[in-house]
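Below: one structure, written as structure tokens.
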Amino acid sequence: MTIYYSLTFMLLAAEMVTFCLLVFPLPYTVRKKLFRFLAESPIIAKVAYGLKISFIFVGVLFADSVQRMIRVTAESEASRGEHVHDVRTESSIAARKFYAQRNMYLTGFCLFLSLVLARTFYIILDLIQTQEEYAKLKKATANNTKKAVASADQVKLIEELQKKLAASEVKSRDFETLKKQADQNAEEYDRLATQYNQATGQVSNKKSD
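Numbering of the sequence shown is given in numbering that gives the first Met the number 0, commencing with residue 0 and proceeding in unit increments.
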């Protein structure tokens, strides 16, 4: 295996380890800190940029391995059509076909796993953000519920105070009515007493009374 395919294999192994770490059931706080570090760290951003460049070279290797496999397959089919069979030629073609297929699968899986890793990372990051928003919304809802309960108690207290005030106003009106009636009765009594005194020839002296 040449040096670039060895590096591709190492990259594929690193991707497999990273994928296992991403899907490993970590606690929520640990996963939150880990993904926040991966999403906001400038060092990780530089590493991701370098990996993007390396995946471009892996894509070129994948295209080259596909072309080689197609060419070796065509040569294998052509050698089968010949009547003379050479063991060394067939072994060479089979080995070249094996290496071409191996390189194609290696680079293909490396590219495919890079797409899976990127998509998995952003899905988990969106999930963490959604959980944070849900926690904030739940807390706000609990606070609003407490405020609503307090507001309901205040409304009940206000209604009770309004009822008491209305009852006090009714009592005040009754007192004013009773006071007016008492004044009217006193005036009527004075008037009748004056008439009685005038009829009997007595003069009412209120000071002496």
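Don't be surprised by glycine CBs; every beta carbon is placed ideally from N, CA and C.
Check                                                                                                                                                           : Outcome
Would L21 and F120 qualify as a contact pair, given that the criterion is a beta-carbon distance under 8 Å?                                                     : yes
Could you check how far apart the C-beta atoms of A11 and L105 are, in whole angstroms? I think they sit under 8 Å.                                             : The question names Ala, but residue 11 in the sequence shown is Leu. Right, the Cβ-Cβ distance comes to about 7 Å (below 8 Å), so this counts as a contact.
Assign F36 to buried or exposed, taking buried as 16 or more other Cβ atoms, counted over all protein chains shown, within 10 Å of its Cβ.                      : exposed
For a quick check, are the C-beta atoms of F18 and L116 less than 8 Å apart?                                                                                    : yes
Quick check: what's the CA-CA separation for D208 versus T193?                                                                                                  : Below a pLDDT of 50, predicted positions are generally treated as unreliable, and D208, at 48, falls in that range; no measurement from the model is reported.
Looking at the structure shown, is L25 part of a helix, part of a strand, or coil, going by DSSP?                                                               : coil
Compute the Euclidean distance between the alpha carbons of Q128 and A134, then round it to the nearest angstrom.                                               : 10 Å
With C-beta atoms as the reference, is L110 less than 8 Å away from F34?                                                                                        : no
With DSSP collapsed to three states, give me the class of S167.                                                                                                 : helix
Thinking K96 and V71 are a contact (beta carbons under 8 Å), I'd like their distance in whole angstroms, please.                                                : 5 Å
Taking 8 Å as the threshold (C-beta atoms), are S64 and I92 in contact?                                                                                         : no
Around the Cβ of E175, are there at least 16 other Cβ atoms within 10 angstroms (buried) or fewer (exposed)?                                                    : exposed
Is T88 helix, strand or coil when you go by DSSP?                                                                                                               : helix
Pull up the CB-CB distance for L60 and Y3, whole angstroms please, since I reckon it's below 8 Å.                                                               : 6 Å
With distances taken from CA atoms, which of K137, V57, S40 is nearest M9?                                                                                      : V57
Check the C-beta distance from M15 over to L136 and give it rounded, since I have them as a contact under 8 Å.                                                  : That pair is no contact at about 37 Å.
Count the other CB atoms, across all protein chains shown, that sit within 10 Å of the CB of N196; report buried if there are 16 or more and exposed otherwise. : exposed
So what does DSSP say about T106, is it helix, strand or coil?                                                                                                  : helix
Taking the beta carbon of I122 as the centre, do at least 16 other beta carbons fall within 10 Å, making it buried, or is it exposed?                           : exposed
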